[in-house]
Amino acid sequence: MRRILSLARAEVLHVVRDHATMAQVFMVPIIQLLVLSNAATFAIRDTPAYVVDLDRTATSRGLIRRFAASGHFKIVEQSDSQALSNEALLDGRVTMVLTIPHDFESSLVRTGVAPVQIVVNAEKGSAAGIVQSYAGRILASYSAELTSVLRPSFRAAQSLSPPPSRGSPHIDVRVRSWYNPTLDYRDYMVPGILVSLVTLIGTLLTSQNIAREKELGTLEQLNVTPITRGQFIAGKLLPFWALALIDFGIGLTVGWLVFDIPMRGSLVLLFGVAAIYLVVALAIGLWISALVETQQQAMFVTFFVMMVYLLMSGLFTPVDSMPRWVQLLSEFTPVRHFVQISRAILVKGAGLAEIARPLVILVVYAAVMLTLAVRQYSKRTA
Amino acid sequence: MSALLGLLRKEAYHIRRDRRTLAVLIFMPVVQVILFGFAIRTDVENVRLAIVDPAPDHATLALRNRFAATDNFRLTAVVPRVEELEGLFQRGTVQQAIVFAPGFADRIARGLPARVLIITDATEPNTGSAAQGYALTVIQTYERDLIAQQKTASAAGANVRIVLAVRMRFNPTRESSNLFVPGLMAFILTVISALMTAISLTREKETGTLEALLVSPLKPWQIIVGKVLPYLAVGFVSVLLVILEARLIFDVPLRGSLFLLLAEGLLFILVSLSLGILISSRTSSQRVAMMGAMIGTMLPTMLLSGFIFPIESMPLPLQIVTNVVPARWFVEIARSIMLKGVGLAYLWQETLVLAGMAVVLLVASTRSFSERLA
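Chains A and B supply the protein sequences, listed in that same order.
Positions -8 to 373 (the working numbering) are the ones given, in order, by the first sequence.
Positions 151 to 524 (the working numbering) are the ones given, in order, by the second sequence.
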């Protein structure tokens, strides 16, 4: 135990003495959490729109007003030239072009049906679908309004003749958005970004640690001491584990004070899981470090691992959207399980029973990675 | 000049001799683009659905069948009471629940409003909204079919209807890979290029060989150029491979000029390498340089370049901040050339910004390097 502690003390001194590293460990994550949490959103603000009104009637102007007043669209430009609208779409000034054909009103009065066209810049994928559904909603409510204005005769005729039955079938649909009723992306992203920052720092610090001692030659000195392999790994793990846990606590406080993220579940449970999770993340870092020869190699391997962590763990894009084989692969990233757990605890208020499956995976993972790290570090100097 | 050539030769030897690192530099982007090109998707499919049906009748069963029949839903639970939903949601076995009120068929038959409640796990707001949209469509179609069964044809034409014709330009199928692969290219190239040069100078500092360079007749700018140029060649090979991959594996269209895309790619690599060299000239140990390059480029580039999250969605101050992220401009350029097929006439501003960044970063690293000399 004494050996573990003195090795841990040496590591703490290394980090604390180095001001640049201290700043990277404590300041950078907080700044990034504050800034990036606002960036990670798919929310769609007012879409810049171009209107080509070839009809120029009260009805077409009414439609344009509905679009402008909906809060989903901002009408940037208006003309009757298709070529100009295309230009605006190509150079990115607008995301959507609304075209109203020239017999719009008359055709509505005569036949009751008229087309309008929207052209959406679908470069940005999912956003385009949502823009389309907004437009659809505006058109539906506008047509309902127009029915009474444009075709009063039909309305009158309808109300005069008794309806065929007591009333048409009507389904009353109510919609509830649980856990995030205001659809605020920050409630979802802050826990995720916090987890990724803590993981990034922890893995980086540990992954180049042993490699650095190899490069400097100080590993030889440790190898000739009576320290055992298990004690060595424990001594390396402990200080960074504590640092990362402190980082996690600071980040959580920032999330609570600044972003007012929900904390429905038990914080004690969350910290308990974080403690287990960090053992996994740091053990992976140490294992990498024992595996490679130079800090440069350590960096590239860490880079690859971090990319997998960030992009395949469901942090930013949902795991459910991934193809089946990627979902299976993502089971191997500890981040996926911890992100799932922290969102379940913080946002949904889950208890121990609800997070049992990912928690068991993390515990097994911790045991496996610790064993691997200890075995990978050999005191032989072949 | 011959001194510069000498330095270039030395750097090229370094790169060539270390085969393993060279392989990593060239093939890592290729592997990552494949892996993450498949992984990054935002389509919402197979929503896990629970049905709460306290008193099943023919109408609720018909509607349940319709939900089961669409590709968008996967029925994972049928429970009799709403109280049981909470645990299912918390465990994540269910993303959405359809709750029927008792007497559903009876109320429909009598023309009374029949109540359905859609409860959605909106933790991830977009998935939630999309799932709600799917469910609403299923229910509304069912309602319309019921009305059509009942009503005579004459009454149906009474309402005014505006028909929406939608054209999705540039990415008609809204294929996720068309959207994300060009961005992914920009992202991976940034980080890997910054990493390549970030430790190049610090390693020389740590091993003490920088002293040897300093006493040589090389000027500071020559040292910087000598460190950047060889990696530019390595980076260019990555760009070529990655573009090839986007075309062959992900079938991302290349509507614009390949030559322009390659030229812009080269310019962008230069910017990222310069960023790495700047980090390198400012830091003293490999550890700090590496952490700086990773923490400084990875998350900000991922989140602020518009590669995953659209820039228009960000608050205005952040939108301004994104202007200093080099990848932001290359994401724009790559998407425009590949998907929109536009040329330099539309992209000259973005190109100018990248060129300006390269100059500023190179000058800054030369200057901080010469300050060290004094």
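Every residue, glycine too, gets a C-beta built ideally from N, C-alpha and C.
Here the structure is a predicted model, which is why all the values come from computation and not from measurement.
Less than 6 Å between C-beta atoms, sequence neighbours within five positions excluded: which residues of the same chain meet that for residue i?
| i | result |
| --- | --- |
| leucine 351 of chain B | Ser430, Ser431 |
| histidine 93 of chain A | Leu45, Asp46 |
| leucine 511 of chain B | Ser424, Leu425, Leu428 |
| proline 332 of chain B | Ala484, Arg485, Met488 |
| valine 365 of chain A | Arg220, Gly221, Ile224 |
| threonine 516 of chain B | Pro370, Trp371, Ile374 |
| proline 153 of chain A | Summary for proline 153 of chain A: the model assigns pLDDT 41, below 50, so the residue's position carries little reliability; its value from the coordinates is reported in the next sentence. No residues qualify anywhere along the chain. |
| isoleucine 55 of chain A | Val42 |
| glycine 278 of chain B | Thr270, Ala272 |
Can you tell which of the options has its C-alpha closest to the C-alpha of residue i?
| i | options | result |
| --- | --- | --- |
| arginine 224 of chain B | B/Val232, B/Leu199, B/Ile393, B/Ile461 | B/Leu199 |
| arginine 83 of chain A | B/Lys490, B/Ala505, B/Arg517, B/Ala514 | What sits at residue 83 of chain A in the sequence shown is glycine, not arginine. Selected option, being the one with the closest Cα: B/Lys490. |
| glycine 187 of chain B | A/Thr190, A/Ile66, A/Asp9, A/Met298 | A/Met298 |
| tyrosine 381 of chain B | B/Ser152, B/Gly156, B/His164 | B/His164 |
| leucine 416 of chain B | B/Ala396, B/Arg170, B/Thr192, B/Gly385 | B/Gly385 |
| phenylalanine 409 of chain B | B/Leu267, B/Thr210, B/Arg257, B/Ile393 | B/Ile393 |
| leucine 363 of chain A | A/Leu185, A/Val270, A/Arg52, A/Ala344 | A/Val270 |
| isoleucine 383 of chain A | A/Leu282, A/Asn29, A/Ser51, A/Phe239 | The first residue shown for chain A is -8 and the last is 373, placing residue 383 of chain A beyond what the model contains. |
| aspartate 178 of chain A | A/Thr293, A/Arg334, A/Gly340, A/Ala357 | A/Arg334 |
| glycine 242 of chain A | A/Val6, A/Thr12, A/His10, A/Ile22 | A/Ile22 |
| alanine 505 of chain B | B/Ala495, B/Phe480, B/Thr516 | B/Phe480 |
| arginine 315 of chain A | B/Gly456, B/Ala189, B/Asp203, B/Arg317 | B/Ala189 |
| glycine 406 of chain B | B/Tyr496, B/Phe400, B/Arg353 | B/Tyr496 |
| arginine 191 of chain B | B/Leu329, B/Ala205, B/Gln240 | B/Leu329 |
| leucine 334 of chain B | B/Leu157, B/Leu155, B/Arg166, B/Glu482 | B/Glu482 |
| glycine 276 of chain A | A/Ile201, A/Phe262, A/Ala341, A/Gln287 | A/Ile201 |
| arginine 216 of chain B | B/Leu286, B/Arg241, B/Asp256 | B/Leu286 |
| arginine 255 of chain A | A/Ile332, A/Leu137, A/Leu302 | A/Ile332 |
| alanine 105 of chain A | A/Glu114, A/Phe307, A/Pro253, A/Leu130 | A/Leu130 |
| tyrosine 41 of chain A | A/Gln286, A/Arg8, A/Val100, A/Gln108 | A/Gln108 |
| glycine 305 of chain A | A/Thr293, A/Gln288, A/Ser321, A/Val292 | A/Ser321 |
| serine 455 of chain B | B/Arg478, B/Ser327, B/Asp295, B/Val197 | B/Arg478 |
For residue i, I'd like the list of residues in its chain whose CB is within less than 8 Å of its CB, leaving aside the five on either flank, ordered along the chain.
| i | result |
| --- | --- |
| serine 304 of chain B | Because the pLDDT of serine 304 of chain B is 43, which lies under 50, any placement of that residue in the model is unreliable, and the question is left without a value. |
| methionine 440 of chain B | Leu345, Ala348, Ile349 |
| alanine 514 of chain B | Leu428 |
| isoleucine 218 of chain A | Arg(-6), Leu(-2), Gly226 |
| asparagine 276 of chain B | Thr192, Val194 |
Between which two residues does the beta strand (DSSP E) holding residue i run?
| i | result |
| --- | --- |
| leucine 207 of chain A | From DSSP, leucine 207 of chain A is part of no beta strand (DSSP E) but of the alpha helix (DSSP H) over 200 to 207. |
| isoleucine 109 of chain A | 104 to 112 |
| isoleucine 91 of chain A | 87 to 91 |
Using DSSP's beta-bridge definition, name the partner residues of residue i.
| i | result |
| --- | --- |
| valine 166 of chain A | B/Ile268 |
| glutamine 69 of chain A | A/Val42 |
| phenylalanine 382 of chain A | Absent from the model: residue 382 of chain A. The displayed extent of chain A is -8 to 373, so no value can be given. |
| isoleucine 201 of chain B | B/Val228, B/Ile248 |
| phenylalanine 223 of chain A | Looking at the DSSP assignment, phenylalanine 223 of chain A forms no beta bridge with any residue, so it has no partner. |
| arginine 317 of chain B | A/Val110 |
| phenylalanine 223 of chain B | B/Val197 |
How far does the alpha helix (DSSP H) with residue i in it reach, from first residue to last?
| i | result |
| --- | --- |
| threonine 451 of chain B | 436 to 454 |
| tryptophan 288 of chain A | Before going further, note that residue 288 of chain A is glutamine rather than tryptophan in the sequence given. Segment 286 to 303, the alpha helix (DSSP H) holding glutamine 288 of chain A. |
| leucine 296 of chain B | 275 to 300 |
| aspartate 256 of chain B | 254 to 259 |
| glutamate 354 of chain B | 326 to 357 |
| valine 259 of chain A | 258 to 282 |
| proline 367 of chain B | Segment: none, proline 367 of chain B is in no alpha helix (DSSP H) and carries neither H nor E. |
| valine 3 of chain A | -7 to 8 |
| phenylalanine 307 of chain A | First-last for phenylalanine 307 of chain A: undefined, no H or E at that position. |
| tyrosine 163 of chain B | 152 to 167 |
| glutamate 233 of chain B | Segment: none, glutamate 233 of chain B is in no alpha helix (DSSP H) and carries neither H nor E. |
| serine 430 of chain B | 408 to 432 |
Among the residues of its own chain, which have a CB less than 7 Å from the CB of residue i, if the five just before and after it don't count?
| i | result |
| --- | --- |
| isoleucine 352 of chain A | His328 |
| serine 422 of chain B | Leu339, Thr340, Ser343, Ala344, Pro476 |
| proline 367 of chain B | Ala153 |
| alanine 227 of chain B | Ala200, Leu238, Thr243, Val244 |
| isoleucine 192 of chain A | Val16, Pro20, Ala235, Asp238 |
| valine 387 of chain B | Ile176 |
| glutamate 354 of chain B | Leu360, Leu363 |
| alanine 218 of chain B | Leu225 |
Give a single yes or no on whether residue i has its beta carbon closer than 7 Å to a heavy atom of the ligand ATP.
| i | result |
| --- | --- |
| arginine 432 of chain B | This structure lacks the ligand ATP; in fact it carries no ligand of any kind. |
List in chain order: all unbroken beta strand (DSSP E) runs of 3+ residues lying wholly within the segment 447 to 501 of chain B. none
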